[in-house]
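> I'd like to ask you about the structure that follows.
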Amino acid sequence: MSSGTVIGVVTFVYLGAFFLSIVGLVSGKKEMGRLVFWTAVAGFAAHAAGIFMRWHESYALGIGHVPLSNFYESLVFFSWSTVLLTLVGVRGQVRDVVMAFILPAAALMLGYASFSPGVENAIQPLIPALKSNWLAIHVITCFLGYAAFFVASVFGIVLLRGDGDPSRGDPAALMFSRCVMIGFIFFTVGILTGSVWAQMAWGRYWGWDPKETWALITWLVYAAVIHERIKGGRVSKRVALFSLIGLLSVLFTYFGVNYLPGLHSYL
Amino acid sequence: MLFTISLLCLVGTIFPQGGHVHGWAARIPRLISPYDIFHSVWFLGAGLLLCVNLTLCMRKRLSLKRRGLIMLLLHGSIVLIIAGYAVGFAGLDGYLEIPQGSSVSQAVLKNGAPFDLGFTVRCDRFTMELYENGMPKEFVSDLSFLRGGRVDGQAQLRVNHPARFSGISLYQESYRQSAWADMTLSDGKRLMKFKAEQGEVIPLPSPGIQIRVEKVWSDLMGAGPAVKLLIEGPDGGSYLWVFRDIDTIRARMPDLFEKMPAFDPSSFRPYTFSLHRLESSYATGIGVKRDPGAPLVAVGGVLFLVSLLLLFLAPGAGFVPGSGSGTAPGESHGEKDPAPDAQGEGGRA
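One line per chain: the protein sequences are A and B, in this order.
4 is the number of the first residue of the first sequence in the numbering used here; add one for each residue after it.
24 is the number of the first residue of the second sequence in the numbering used here; add one for each residue after it.
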């Protein structure tokens, strides 16, 4: 079985888990939550296996490299990171709601990667610019950052209903704050490693390439989210709204920038 | 402040940056132009304001309490990064193009001005490796650095593997391949020799007719060396493809000239073109840089990351369980304000 088949199957496992989660939420059956969780865990394990299989396949082709070098591979990893953070970091009652948002998004990313004719899914050798040890660390940290911001925005939607106060033990507000902060740390590491790599490859750590500029815009928006959150001491509607603007910025940094000319055309 | 800078950045990705502009846009002074936003007074002003803002915030919270110190470090490191970036403007940012076997001792700066390196760089060899599918695998320049006519150092340059000589860093950036062909032209009586290099224009003995060399291939679709010519006369132009191995190709496809008259070297009467030998050479494209601000930026980046981690782990910041707002789900306590010393932090940023 090829990694592509595994990833295709995982797409449907996530969709199945999403269906179960909707049934659980509508019927109010709490025990469905466990079933959704374990289905998602199974899908996640297969997803991880798919990534390792693709890695292995690239070595069999004699052009071995970590599978993080084109749009297809980045979509697969983004989807995986989002599910990882949800499974590991989200606890309690609120998990059922978060799952209902994350699972279809993860399936959509995999489906787009696997089935869209516009996404090239063949394993390609690395061009000279990508042949660097910084590739893996830069891409992994950036996408873990994106994924944490994504999960935070789901909490943001939940918290738009009303203020969440972590000091009163509101789990959604606490998890929102942690996701934003973890995302900010990963994304900062992603930007820093990217600039070290750019310095090695092109002799400039920052070149105002559209991807770099949009990464800075995203970083600034989340800096604003954190300032608002700390200033008020709670997750107000305003903070939640900022995080949704942040998500739009993340999506544009990832997808939209490809329509602007720049050096990150491969991702 | 953060949103203002974000908006300026956004403008920078909408308008093409740093290139040549035409029409009304060219009349905007460069210092306020949206086409060079990152060097405009708007952006530099916003950066300066951010530094002032951060410095004032830091002064306000200048306390010896642990969190105060972390905040000081966190915001101070951003000022350090911006300062390092500004220092970088005094650095060197240029480009060298060295044909294989040649030497160059002047770089071309971004504004087109020449810059004396203080030494000479010779490209001993440029190699381009390809994967089986034709994608580039590696670009390698073997360089020698000369001072006073003597070799003072050598380096092998690859993408992602820069070299350093005399305080200047060199980066493999690009390459250029040039090819030329030895050709002859016969009108049945006389033989005329010429060298065909892309872009060259050669007048023919017939008045008003000239040939323009459109392209030179070392191998055109597996059929060997070839040259595409545009024959321009008073009645317009016509294309002609001249192959070195035309006899071999015709042996395989006897009806070639009937199908593709433009491949017939005698189709433009009374002339017959022949291609004898093809030579090609590479020139390597090398970036030359010196950035005195880079170490400051690096220190700023590391300090920022360290203080960000400290802040995340600090009790009272509201991110980890413990004191302050970082309460684990289900726990509750009476503290209303989770981070009293965080009031007004970067509030107007």
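Cβ coordinates follow ideal geometry from the N, Cα and C atoms, glycine included.
1) Which residue wins for smallest C-alpha separation from residue 182(A), given the options 161(A), 93(A) and 196(A)?
2) Kindly say whether residue 113(B), judged by its beta-carbon, lies nearer than 9 angstroms to any beta-carbon of chain C.
3) For residue 28(B), return the contacting residues in chain A, with the cut-off set at a CB-CB distance below 9 angstroms.
4) Say whether chain A places a C-beta atom closer than 9 angstroms to the C-beta of residue 137(B).
5) Compare the C-alpha of residue 226(A) against each of 10(A), 21(A), 199(A) and 249(A) and name the closest.
6) Counting contacts by CB-CB distance shorter than 9 angstroms, is residue 74(B) in contact with chain A?
7) For residue 202(A), which of 311(B), 134(B), 274(B) and 178(B) has the nearest alpha-carbon?
8) Touch check for the region 101–111 of chain A and the region 159–171 of chain B: three-plus C-beta pairs under 8 angstroms?
9) Between the region 131–143 of chain A and the region 173–187 of chain B, are three or more C-beta pairs nearer than 8 angstroms?
10) DSSP three-state call for residue 125(A): helix, strand or coil?
11) Determine whether the beta carbon atoms of residue 39(A) and residue 27(A) lie at a separation below 9 angstroms.
12) Pull out every residue of the region 302–322 of chain B whose Cβ sits closer than 7 angstroms to any Cβ of chain A, in chain order.
13) Taking the beta carbon of residue 230(A) as the centre, do at least 16 other beta carbons fall within 10 Å, making it buried, or is it exposed?
14) Looking at residue 146(A): is its Cβ nearer than 9 angstroms to the Cβ of residue 84(A)?
15) Start and end of the beta strand (DSSP E) containing residue 137(B)?
16) Please classify residue 262(B) as buried or exposed, where buried requires at least 16 other C-beta atoms within 10 Å of its C-beta.
17) For residue 237(A) versus residue 176(A), is the C-beta distance shorter than 9 angstroms?
18) Quick check: the region 91–99 of chain B against the region 111–128 of chain B, are at least 3 beta-carbon pairs closer than 8 angstroms?
19) Round the Cβ separation of residue 252(A) and residue 220(A) to the nearest angstrom and send it over; I've been treating them as touching at under 8 angstroms.
20) Given 8 angstroms as the limit, is there contact between the region 206–225 of chain B and the region 320–339 of chain B, that is, 3 or more CB pairs closer than that?
21) Chain A beta carbons: is any one of them nearer than 9 angstroms to that of residue 160(B)?
22) Can you give the Cα-Cα distance for residue 261(A) and residue 7(A), rounded to whole angstroms?
23) List, in order along the chain, the chain B residues whose C-beta lies closer than 8 angstroms to that of residue 132(A)?
24) Is the Cβ of residue 196(B) closer than 9 angstroms to any Cβ of chain A?
25) If you count every other CB in all the chains shown that lies within 10 Å of the CB of residue 299(B), and 16 or more means buried, which is it?
26) Consult DSSP for residue 224(B) and reduce its assignment to one of helix, strand or coil.
27) Could you tell me which uninterrupted beta strand (DSSP E) segments, each at least 3 residues in length, are contained entirely in the region 4–86 of chain A, listed from first to last along the chain?
28) Put residue 182(B) into one of helix, strand or coil per three-state DSSP.
29) Determine, using beta carbons only, whether residue 204(A) comes closer than 9 angstroms to chain B.
30) For residue 170(B), which residues does DSSP report across the bridge?
31) So what does DSSP say about residue 331(B), is it helix, strand or coil?
32) For the candidate residues 249(B), 104(B) and 27(B), whose alpha-carbon lies nearest to that of residue 68(B)?
33) Considering only C-alpha positions, which residue in the set 29(A), 31(A) and 99(A) is nearest to residue 37(A)?
34) Which first and last residues belong to the beta strand (DSSP E) in which residue 311(B) is found?
35) On the premise that residue 102(A) lies in contact with residue 43(A), defined as a C-beta separation below 8 angstroms, what is that separation, rounded to the nearest angstrom?
In short, the structure shows the following:
1) For the purposes of this step, residue 182(A) is taken as the residue at position 179 of the first sequence. The candidate whose alpha carbon is nearest that of residue 182(A) is 93(A).
2) The chain labelled as chain C is not found among the protein chains of the depicted structure, namely A and B.
3) Walking along the second sequence from the start, residue 28(B) turns up at place 5. Listed along the chain, the chain A residues whose CB falls inside 9 angstroms of the CB of residue 28(B) are 219, 220 and 223.
4) Walking along the second sequence from the start, residue 137(B) turns up at place 114. Answer no: the Cβ-Cβ gap between residue 137(B) and chain A never drops below 9 angstroms.
5) Within the first sequence, the letter at position 223 stands for residue 226(A). Residue 226(A) has its Cα closest to that of 249(A), out of 10(A), 21(A), 199(A) and 249(A).
6) By one-based count along the second sequence, residue 74(B) stands at place 51. With a threshold of 9 angstroms between beta carbons, residue 74(B) makes no contact with chain A.
7) Working through the first sequence from its first residue, we reach residue 202(A) at position 199. Of all alpha-carbon atoms in 311(B), 134(B), 274(B) and 178(B), the one lying nearest the alpha-carbon of residue 202(A) is that of 311(B).
8) Flag = no, the region 101–111 of chain A and the region 159–171 of chain B do not touch.
9) Here the region 131–143 of chain A makes contact with the region 173–187 of chain B; the two share three or more CB pairs at distances below 8 angstroms.
10) In the first sequence, counting from the first residue as 1, residue 125(A) sits at position 122. In the displayed model, residue 125(A) falls within coil according to three-state DSSP, outside both helix and strand.
11) Along the first sequence, read from residue 1 onward, the residue named residue 39(A) stands at position 36. Along the first sequence, read from residue 1 onward, the residue named residue 27(A) stands at position 24. Their beta carbons are under 9 angstroms apart, which means residue 39(A) touches residue 27(A) by this criterion.
12) Listed in sequence order: 310, 312, 317 and 320.
13) By 1-based counting over the first sequence, the position of residue 230(A) is 227. Buried: at least 16 other Cβ atoms inside 10 Å.
14) As a first step, residue 146(A) must be located in the first sequence, where it is residue number 143. As a first step, residue 84(A) must be located in the first sequence, where it is residue number 81. Yes, the pair counts as a contact, with Cβ atoms nearer than the cut-off.
15) Mapped onto the second sequence, residue 137(B) falls at position 114. The continuous beta strand (DSSP E) containing residue 137(B) extends over residues 137–153.
16) Stepping through the second sequence from its first residue, residue 262(B) is reached at position 239. Around the beta-carbon of residue 262(B), fewer than 16 other beta-carbon atoms lie within 10 Å, marking it exposed.
17) Numbered from its first residue, the first sequence carries residue 237(A) at position 234. Numbered from its first residue, the first sequence carries residue 176(A) at position 173. In this structure, residue 176(A) lies closer than 9 angstroms to residue 237(A) by Cβ.
18) Segments in contact, no.
19) The sequence position of residue 252(A) within the first sequence is 249, counting from 1. The sequence position of residue 220(A) within the first sequence is 217, counting from 1. Contact between residue 252(A) and residue 220(A) holds, with the beta-carbon distance rounding to 6 angstroms and staying under 8 angstroms.
20) They do not touch, by the three-pair rule.
21) Counting from one through the second sequence, the residue named residue 160(B) turns up at place 137. By this cut-off, residue 160(B) is an interface position.
22) Position 258 of the first sequence, counted from the first residue, corresponds to residue 261(A). Position 4 of the first sequence, counted from the first residue, corresponds to residue 7(A). In a straight line, the C-alpha of residue 261(A) is about 24 angstroms away from that of residue 7(A).
23) Locating residue 132(A) in the first sequence gives position 129, where the first residue counts as 1. Contact note: residue 132(A) reaches chain B through 182 and 183, using a C-beta cutoff of 8 angstroms and chain order.
24) On the second sequence, position 173 is the one that residue 196(B) refers to. For residue 196(B), the closest Cβ of chain A is nearer than 9 angstroms.
25) One-based indexing of the second sequence puts residue 299(B) at position 276. Around the Cβ of residue 299(B), a 10 Å sphere holds fewer than 16 other Cβ atoms; the residue is exposed.
26) Taking the second sequence and counting its residues from 1, the one referred to as residue 224(B) is at position 201. Three-state result, residue 224(B): strand.
27) DSSP runs (the beta strand (DSSP E)) wholly in the region 4–86 of chain A: none.
28) As a position in the second sequence, residue 182(B) is number 159, starting the count at 1. DSSP places residue 182(B) in coil when its eight states are reduced to three.
29) Start at 1 with the first residue of the first sequence, and residue 204(A) comes out as number 201. It does: the Cβ of residue 204(A) has a partner Cβ on chain B nearer than 9 angstroms.
30) Taking the first residue of the second sequence as position 1, residue 170(B) is located at position 147. When beta bridges are read from the DSSP output, residue 170(B) appears opposite 173(B).
31) Taking the first residue of the second sequence as position 1, residue 331(B) is located at position 308. Reduced to three states, the DSSP call for residue 331(B) is helix.
32) In the second sequence, counting from the first residue as 1, residue 68(B) sits at position 45. If we check each option's Cα against that of residue 68(B), 27(B) comes out closest.
33) By one-based count along the first sequence, residue 37(A) stands at place 34. The candidate whose alpha carbon is nearest that of residue 37(A) is 99(A).
34) In the second sequence, residue 311(B) corresponds to position 288, counting from 1. Under the DSSP assignment, residue 311(B) falls in the beta strand (DSSP E) whose first and last residues are 295–313.
35) Counting from one through the first sequence, the residue named residue 43(A) turns up at place 40. Counting from one through the first sequence, the residue named residue 102(A) turns up at place 99. The Cβ separation is near 7 angstroms, so the contact holds.
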